[in-house]
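Take a look at the structure set out below.
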Amino acid sequence: MIRFPRVALALSITVAVAAVIGTAVVVSAASAPRDPPGPRLSATAAPGAAGRLQDPTASVAPTVAAGVVPVRVTIPAIGVDSGLEDLALDEQGALLAPRDWDSAGWYSSGVVPGDIGPAVIAGHVDSPTAPAVFARLSSLVDGDGITVGMSDGSSQTFTVTGKIESPKAAFPTSAVYGNVPTSQLRLITCGGVFNRASGHYLDNLIVYASLSPPGP
Amino acid sequence: MKGISALSATLLATTALTALLLGPLASAAPASAAPAGEGWIRLAHLSPDTKGVDVRVSALKGGSTLYELDNVRYGAVSPYTAMASGTYTVSMVPAGSPASTKPMLSASVTVTAGHSSTVAAYGPNKKIAVSIYDDDLTVPTNGTARIRLIQASTLAPTVTVKTSTGVSVASKAKRGAATGYAEVGAGPWTLDLSSTRTVRSTGAALTTRGSAQVSLRQGSVTTLFVLDTADGGLTIQSVLDSASVGPDPVGGVQTGGGYLASR
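Structure representation (structure tokens):
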């Protein structure tokens, strides 16, 4: 699976002058004649006036360093402390579950927890013979904490904001996987009626969480 | 490079028009991605000759500060913060001012559940005003990303941006205007920027050209802010508006073996 480079947040690119094209007069920012006189502004001191043009700040938006991936998920409220398999899509485009009943997995072509967008972690509710890693996911309530350990030793902490149970046949794709403007997390397991003929549950349980504000 | 939708050719001079065009899609976007009743705002300082500001967001009818950012400097675009839907007062004072300071700028801002917007202090200091832009939370068509431009330069009357393959992202975008979102293929793009202004002393046309590299992840939505530099040039700041998971999984996940169902 190809991973496209993430958009660099607040990437500042000075527009460099390229070339003279046609008859246009091309002016380099560095050598620009003052358009008469460009940066002469607000002679009267309005509140907050700098009295001159300023360079934009290289604003630093929080983001996860390239190459850093999640390696562990801890949910104290339901006793989860699990490593993370990498999850991929099958040939039909469905998200594959973890191979190990007792391990959660991260959808590794998706969003890295802590980056903007919905990061996805899935785990089994049970195996044929025992409860599995996300057996108690449905017990989570708003405000519960979820910690994701990262490969660089850092961690990202999320707060549960809601949960839904939905038939897999009508999976709410856009609500779970669609665009969000903040760092969020989705935990997914099974729920509802178990269909013995297919060997699968009919529903998915999805827990929504948002990155917690930095603590004191 | 992959194709670009016809939307990119259309410059939308006002964000109201943008909202109108995106409305039907936006309303189909998942409000459930936010806790019920919440939307998001972010704050931007786009006034090149204004020093850092402290920004406060409070209930419209006054009262305590609900959200505050200190020393927001020119070019800064904050992360989004979730707010309960409703109307708020956003006010700005010079950085470090005492709490009692009369705001140099204030505006009322309405937060709508499941929607996001950018609240910007824009313009030269003498004419500084609040501009509010509606931001896109619709999911880009599979395999694509969305991009728009906010022309926040106070020097360049208009800015035109095309991809290196010749497709228009913004055509003569006016000062303070946001273009509509263009859908482009995910991946790296080179954007060519040009701006023409008249030199007052001579009447000659002066054209500035340049290029910028952006890399757009599948499912991402990005705003390019065109900003002034201290020496009178232009710069582009690329800021992520939102992102989907990327390649969308189809349907549900088979995460159970049935043990608990028989208990």
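Just so you know, the protein sequences line up as chains A and B, in that order.
Mapping of the first sequence onto this note's numbering: position 50 corresponds to residue 50, and the numbering continues sequentially without gaps.
Mapping of the second sequence onto this note's numbering: position 168 corresponds to residue 168, and the numbering continues sequentially without gaps.
The beta carbon of each residue, even a glycine, is placed where N, CA and C say it ideally should be.
With T50 of chain B and G48 of chain A assumed to form a contact (beta carbons below 8 angstroms), what rounded beta-carbon distance in angstroms separates them?
5 angstroms
According to DSSP, simplified to helix, strand and coil, what is T173 of chain A?
helix
Can you tell me the Cα-Cα spacing of G86 of chain B and D136 of chain B, whole angstroms?
19 angstroms
Any idea if Q92 of chain A is buried or exposed, counting beta-carbon neighbours within 10 angstroms, 16 or more meaning buried?
exposed
Exposed unless 16 or more other CB atoms sit within 10 angstroms - verdict on G232 of chain B:
buried
What in chain A is Cβ-close to L260 of chain B, meaning under 7 angstroms?
V125, D126, P131, A135
Quick one, are the C-beta atoms of T207 of chain B and S220 of chain B less than 8 angstroms apart?
no
Would the C-beta of L227 of chain B count as close to the ligand GTP, meaning under 7 angstroms from any of its heavy atoms?
For the ligand GTP, the structure offers nothing, since it holds no ligand at all.
Would you mind sorting V139 of chain B into buried or exposed? The rule is 16 or more other CB atoms within 10 Å of its CB.
buried
Between the Cα of I121 of chain A and those of A:P213, A:S174, A:Y208, spot the shortest distance and give me the residue it belongs to.
A:Y208
Rounded to whole angstroms, what is the Cα-Cα separation between T74 of chain A and Y107 of chain A?
17 angstroms
With a cut-off of 8 angstroms on the beta carbons, I'd call V125 of chain A and A119 of chain A a contact; round off their distance for me.
Their Cβ separation, rounded to whole angstroms, is 20 angstroms, which puts V125 of chain A and A119 of chain A out of contact at 8 angstroms.
Is the beta carbon of P94 of chain B sitting closer than 8 angstroms to the one on V53 of chain B?
yes
Name the one or two DSSP bridge partners that Y74 of chain B has.
Paired residues: none, contrary to the question.
Note down, in chain order, every chain B residue with its Cβ under 7 angstroms from the Cβ of D55 of chain A.
T229, A230
Sequence-distant residues of its chain with Cβ nearer than 8 angstroms to N195 of chain A (five each side left out)
Y201, L202
Contact set for G178 of chain A: own chain, Cβ-Cβ below 8 angstroms, skip 5 residues either direction:
P118
Does the count of Cβ pairs from the region 237-248 of chain B and the region 166-177 of chain B closer than 8 angstroms reach three?
no
Judging by CA-CA distance, which residue of B:A230, B:L234, B:T255 is the nearest neighbour of G51 of chain A?
B:A230
Between the C-alpha atoms of P30 of chain B and N142 of chain B, what's the straight-line distance to the nearest angstrom?
Confidence in P30 of chain B is poor, its pLDDT being 39 and thus under 50, which makes the residue's placement unreliable; the coordinate value appears in the next sentence. One C-alpha to the other measures close to 17 angstroms.
Beta-carbon proximity check, G75 of chain B vs L227 of chain B, cutoff 8 angstroms
yes
Alpha carbon of A28 of chain B to alpha carbon of S116 of chain B, nearest angstrom:
Confidence at A28 of chain B is low in this model, with a pLDDT of 34, below 50, so the placement of that residue should be treated as unreliable; the coordinate-derived value is given next. Their backbone Cα atoms lie some 14 angstroms apart in a straight line.
By the DSSP assignment, the beta strand (DSSP E) with G210 of chain B in it spans what residues?
205-216
Pick from B:G258, B:P48, B:R197: whose alpha carbon is nearest that of K126 of chain B?
B:P48
Do Y122 of chain B and R146 of chain B have their C-beta atoms closer together than 8 angstroms?
no
Of the listed residues B:L240, B:A152, B:Q254, nearest to R217 of chain B (C-alpha basis):
B:L240
Under the three-state reduction of DSSP, which class applies to P76 of chain A: helix, strand or coil?
helix
Strictly under 8 angstroms for the Cβ-Cβ distance: is V112 of chain A near chain B by that measure?
no
Consult DSSP for L155 of chain B and reduce its assignment to one of helix, strand or coil.
coil
So, under 8 angstroms CB-CB, V119 of chain B and V77 of chain B are touching, yes? Tell me the CB distance rounded to an integer number of Å.
10 angstroms between Cβ atoms; not a contact.
Taking its Cβ as the centre, do 16 or more other Cβ atoms sit within 10 Å of T267 of chain B, making it buried, or is it exposed?
Residue 267 of chain B falls outside the range modelled here, since chain B spans only 1 to 263, and no answer is possible.
What does the alpha-carbon distance come out to for the pair A88 of chain A and V71 of chain A?
15 angstroms
At a Cβ threshold of 8 angstroms, is T157 of chain A touching chain B?
no
Would you check if the distance between the CB atom of V80 of chain A and the CB atom of V133 of chain A is smaller than 8 angstroms?
yes
Looking only at DSSP bridge pairs, what is A170 of chain B linked to?
B:V161
Straight-line gap, T63 of chain A to T182 of chain A (C-alpha atoms, nearest Å):
11 angstroms
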